[in-house]
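Trainee: Would you mind keeping the following structure in view while I ask a few things?
See the structure below:
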């Protein structure tokens, strides 16, 4: 695909990647058991707030990763489709990027992922509206403010200092645990070497008891994730939209 | 209603009122700006100048800078390591808070001055590894008593240096000018 | 002056406006500067801005997974699995991940409290010296046989200490209980192994090497026995051996999370599990041309009718089972929760024996013993709990100590525990959280949270290796709590009946010392201090070899029949919430984690087949009353497409009346619908229950992650 410079249309900071990405993920839907360990691990790592029963009922829950499942048929011939962990696909050609009037959803040139810059975000929610995967969540209230939610006064002790605590009116989404990417790169650089494959993993992949989520460099053909995504049963959801997702789903299992 | 207020404001009394309100707001703003520029009160008026002039390196008290994000503030026990052997500890008018902290086993509540907002993930280590010295950002601490920032530590200031250092090196430029390098 | 404002003027005004608003919104020094409180004396191993990692053991259930906890400046930040630990190999489940929300829970008990059986948490704070006096007096004045200890399900150092303490004073041994064991059918499985193989140990089902698994009622991917370990087993099986992917077939009346992951879900009627297993066994024997004496009385057609599946399906399944290379039959949970549950368990183990996979890779083993070779102590069955409640009711127990379990929530109310507790003179609770039982205590002397404690825990199941998992504090105690073992040792000393241990750590050390002489362990050390340090650093001690026990050849007769429940409209299938487990309701992030199959958050629901719902004229979110033999609960309806039309299912985990702000007053507890009907092994026959359903005319919108409207507009009418 020929790269299009979207800055021609005034969307500065949004780019289309011609080359493959840098970081990528393979999710084996045949191994996923829907256990939600990744969902909770993500929330614990990234200071994702809980919103309470009522707001959750309005669809305001803040999960950065969710487990999707669909039904096929009717009882007794009913089947559940394999569980599908859905998170930000870190699109190479992300629909969320060109629509942000504040340039808060920009593409990282160095890590080749989609960024959400909280201090720039003004909460127009255009990006969430434009995301075909519906993986962006919006802070409808100050869920992390102890004046609003007094349980935070003690729960805040577990906040990860490497991740910004977001405020009301800010959009957020999966970052591929960029803080872990930075930490691993920084450590490798300090030790004068390259980051090894499997040296670190995002919170979801690290927790996954079924080993269904594998993370790594997709521009390195020897990495475990690139070997997995080259398998013939790998699919990219909604790739017909031209989003160039960096998350590959393996469906159907080993033959 | 509104028109009568506007009319009153154009009368002499109204103009005086307007002036008073205006002056109040401006002086309030000036006071606020002034407050933002003054350094906060510290538990001990720590004379950096004395310590640096004795030849103590910055990293002796702030050793975290070479390891990771935070340079760190020394614990009272670290101060005490030297001060318990020094005569001045008994005589100096600045030091009773340290003695009290040691006696009670309580930490000293320092107020960090060189700081960035919550949404910035600053890391000392790569900056030192890139060959920067402490004084490049923190100024000539050897001349200060209580530490003061030599400049406003805002994003423009960070980026100026990042631009200068990455100029002509596209790979480095990508890394140093990326939003995701500091904001996540 | 012109009427238009120039751009420059506008900017000036805007600048002034910004400065003013900064002042007026209080952007003063207090907002800009925050004080930092550095360590008074920083620990040597801590560096500024760097994390320290500690190995410990997860206390969210009794499986005993190893954890590595990331701490930062004295705070626990993140929990990860211990990659070296034999149970979980670096992985964790959702409940383990949320441990920190227990540690930093806003509703923890802050210190020793004179509770006085007040319904709410009392504010009468005491000092630990007073607490110690009270305990010492209790030890002095209560005759040993009128003292009782009720502990949580984990076989940990506290259990070992209380066993010694009870023997020392001459009283009855402590009892361990947890609701999960009730729902798992643990006692039944152990009893079945005892009767069939002559060895009382928990069967270990080797999923990883099997290629065809028939699973009856065991929700082994959710909460059953050791879910992380079994998930790893399934994952290995699915990745395939020699390029062949293993197949899982789940037999259950309701599509549980485990069944939804299975390749096939066979919705058999509740109570027919034993018949189906027996029919399969007979057919397998026929295919293999071997005698199957035990199962001759069962005819496959009858079994198929009882199970409500076509007979051809049963024949086909038996064919597959007989011809598979490494078949495995797994049984547990609701399949054992019938009056004939013990026979069902025996039938399943016997079928495995018939398939020739007992003690073979991909087959059935018995779990490893404790590292020192001692068999594991058993958890109390519901029968034993009922006897215990009787003892309490009779007034022969003067002092009751409760730790790590919340029986007022976890046992059916019909056992009458609430009444029985009134006949106990003094109740001392060591609860960390203000749960229902702690609030009925006279005193609460809170123990540390698991992440603040020293200790060890025997791994009962889930690992091939024999393991003693280690606990150590990852942070200093957040509240004024005290280790129960320390407290008991100190109280005994003050009462003049000391045990020979100076404190908790000395006790732990005395128990770990014998491991030093054992060969084949994960580490060795020449002397004790190093050994203890390594024990903590590694997160425990385990053998490197496979220590699973070979079952001996099966013997004995098996007689299975259809379980006959009480009269009622619908079969009731209570199941443990896969996300909350038995004790997750007080953690807000677990509450907000969607149930995997229904995506419901923060509440209890009842699952109804769409056809049944239509027939009854019930829609989603309608609140209905379920009337069981022992009580009634009101719950909103979730129309669930994958449940038998004759069955209703309700998750267990909510319905607390206490247990903190996130749990109290939320949802309903289905366990209170049940009468204490038991199977022959003494486990609760919770799936032998029928209930009636009544409409209440009220509606309650369940918060769910999924939309009520499908992709093709289904449910649109109902939504309006």
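Chains as they are written, first to last, in this note's numbering: chain C, 1282 to 1536; chain F, 5 to 188; chain Y, 815 to 1534. Built from N, CA and C at the ideal position, the CB exists for glycine as well. If you're wondering where the values come from, they're calculated on a predicted model, not measured in any experiment.
Thinking C-beta only, is residue 1256 (chain Y) closer than 9 Å to residue 1544 (chain Y)?
Mentor: Absent from the model: residue 1544 (chain Y). The displayed extent of chain Y is 815 to 1534, so no value can be given.
Trainee: Does the distance from the CB of residue 998 (chain Y) to the CB of residue 1146 (chain Y) come in under 9 Å?
Mentor: Closer than 9 Å, so yes.
Trainee: Sort Y:1096, Y:1030, Y:1091 by Cα distance to residue 1073 (chain Y) and report the nearest one.
Mentor: Ranking Y:1096, Y:1030, Y:1091 by Cα distance to residue 1073 (chain Y) puts Y:1030 first.
Trainee: Hey, would you say residue 1420 (chain Y) sits closer than 9 Å to residue 1464 (chain Y), going by beta carbons?
Mentor: Against a cut-off of 9 Å, the Cβ pair of residue 1464 (chain Y) and residue 1420 (chain Y) comes out as a contact.
Trainee: For chain Y, check one thing: does any of its Cβ atoms lie closer than 9 Å to the Cβ of residue 94 (chain F)?
Mentor: It does not: the Cβ of residue 94 (chain F) has no partner Cβ on chain Y nearer than 9 Å.
Trainee: Relative to the C-alpha of residue 43 (chain F), which residue among Y:1359, Y:849, Y:988 is closest?
Mentor: Minimum Cα distance to residue 43 (chain F) is reached at Y:849.
Trainee: When DSSP labels each residue in this structure, what does residue 756 (chain Y) get in the three-state scheme?
Mentor: The first residue shown for chain Y is 815 and the last is 1534, placing residue 756 (chain Y) beyond what the model contains.
Trainee: Using a Cβ cut-off of 9 Å (strictly closer), state whether residue 127 (chain F) contacts chain C.
Mentor: Chain C contact via Cβ: present.
Trainee: With DSSP as the reference, label residue 1220 (chain Y) as helix, strand or coil.
Mentor: Looking at residue 1220 (chain Y) - three-state DSSP - the assignment turns out to be coil, as it is neither helix nor strand.
Trainee: Which residues does DSSP pair with residue 1555 (chain Y) in a beta bridge?
Mentor: It is not possible to answer for residue 1555 (chain Y), since the shown part of chain Y is limited to 815 through 1534.
Trainee: For the region 92–125 of chain F, enumerate the residues whose C-beta is nearer than 7 Å to any C-beta of chain Y, in chain order.
Mentor: Per Cβ criterion, the list reads 109, 110, 111, 113, 114, 115, 116.
Trainee: Which residues, in chain order, does the region 1328–1344 of chain Y contribute to contact with chain C at a C-beta distance below 7 Å?
Mentor: Cβ contacts with chain C come from no residue of the region 1328–1344 of chain Y.
Trainee: Let me know the secondary structure DSSP gives residue 148 (chain F) once reduced to three states.
Mentor: Coil, per DSSP.
Trainee: If the cut-off is 8 Å on Cβ atoms, which residues from the region 1451–1485 of chain C count as contacting chain F, listed in chain order?
Mentor: Cβ contacts with chain F come from 1456, 1459, 1460, 1463, 1467, 1470, 1471.
Trainee: Please go through the same chain and pick out, in chain order, the residues whose beta-carbon is closer than 6 Å to the beta-carbon of residue 1339 (chain Y), but skip the five residues on each side of it.
Mentor: Contacts found: 1345, 1348.
Trainee: Does the beta-carbon distance from residue 1199 (chain Y) to residue 1225 (chain Y) come in below 9 Å?
Mentor: Closer than 9 Å, so yes.
Trainee: Take the Cβ of residue 1296 (chain C) as the centre, count every other Cβ of all protein chains shown within 10 Å, and call the residue buried at 16 or more, exposed below.
Mentor: Here the model assigns residue 1296 (chain C) a pLDDT of 47, short of 50, so the residue's position is not dependable and the matter cannot be decided.
Trainee: Which partner residues does residue 1440 (chain Y) have in the DSSP bridge list?
Mentor: Bridge partners of residue 1440 (chain Y): Y:1447, Y:1507.
Trainee: Whose Cβ in chain B lies nearer than 9 Å to the Cβ of residue 849 (chain Y)?
Mentor: The structure shown contains no chain B; the protein chains it does contain are C, F and Y.
Trainee: Where does the unbroken alpha helix (DSSP H) through residue 1042 (chain Y) begin, and where does it stop?
Mentor: Unbroken alpha helix (DSSP H) run through residue 1042 (chain Y): 1041–1053.
Trainee: Please list the partners that residue 1294 (chain Y) has in chain F, where partner means a Cβ-to-Cβ separation under 9 Å.
Mentor: Correct list: empty, because the minimum Cβ distance to chain F is about 18 Å.
Trainee: Is any beta-carbon of chain C found at less than 9 Å from that of residue 163 (chain F)?
Mentor: No, because no Cβ of chain C sits closer than 9 Å to the Cβ of residue 163 (chain F).
Trainee: By the three-class DSSP mapping on this structure, what secondary structure does residue 1290 (chain Y) have?
Mentor: Note: residue 1290 (chain Y) maps to coil in three-state DSSP.
Trainee: Taking buried to mean at least 16 other C-beta atoms within 10 Å of its own C-beta, is residue 1249 (chain Y) buried or exposed?
Mentor: So residue 1249 (chain Y) ends up on the buried side.
Trainee: By DSSP, does residue 45 (chain F) sit in helix, in strand, or in coil?
Mentor: Of the three classes helix, strand and coil, the one that applies to residue 45 (chain F) here is coil, per DSSP.
Trainee: Step through the CB atoms of chain F and report whether any lies within less than 9 Å of the CB of residue 1256 (chain Y).
Mentor: Not closer than 9 Å to any Cβ of chain F, the Cβ of residue 1256 (chain Y) fails to qualify, so no.
Trainee: Just to confirm before moving on: does the CB-CB distance between residue 151 (chain F) and residue 118 (chain F) stay below 9 Å?
Mentor: For residue 151 (chain F) and residue 118 (chain F), yes; Cβs fall inside 9 Å.
Trainee: Quick one, which of Y:932, Y:1377, Y:929 has its alpha-carbon nearest residue 1157 (chain Y)'s?
Mentor: Among Y:932, Y:1377, Y:929, the Cα nearest to that of residue 1157 (chain Y) is on Y:1377.
Trainee: So is residue 1392 (chain C) in contact with chain F if we call contact Cβ pairs under 9 Å?
Mentor: Yes - at least one Cβ of chain F is within 9 Å of the one on residue 1392 (chain C).
Trainee: With a threshold of 9 Å between beta-carbons, can residue 1031 (chain Y) be considered close to chain C, or not?
Mentor: No, residue 1031 (chain Y) lies away from the interface with chain C (no Cβ there is under 9 Å from its Cβ).
Trainee: Just by C-beta distance, which residues in the region 64–77 of chain F are closer than 9 Å to chain Y?
Mentor: Cβ contacts with chain Y: 66, 67, 68, 69, 71, 72, 73, 74, 75, 76, 77.
Trainee: If you draw a straight line from the C-alpha of residue 1065 (chain Y) to the C-alpha of residue 1134 (chain Y), how long is it?
Mentor: Their Cα atoms are separated by approximately 15 Å.
Trainee: Going by beta-carbon coordinates alone, are residue 1218 (chain Y) and residue 870 (chain Y) separated by less than 9 Å?
Mentor: No, the pair does not count as a contact, with Cβ atoms beyond the cut-off.
Trainee: Would you say residue 1445 (chain C) faces chain F, with C-beta separation under 9 Å as the test?
Mentor: Yes, its Cβ sits closer than 9 Å to a Cβ of chain F.
Trainee: Is there a Cβ of chain Y sitting closer than 9 Å to that of residue 79 (chain F), yes or no?
Mentor: Yes, its Cβ sits closer than 9 Å to a Cβ of chain Y.
Trainee: Of the residues that make up the region 1396–1428 of chain C, which ones have a beta carbon closer than 9 Å to any beta carbon in chain F?
Mentor: So the close ones are 1396, 1397, 1398, 1399, 1400, 1401.
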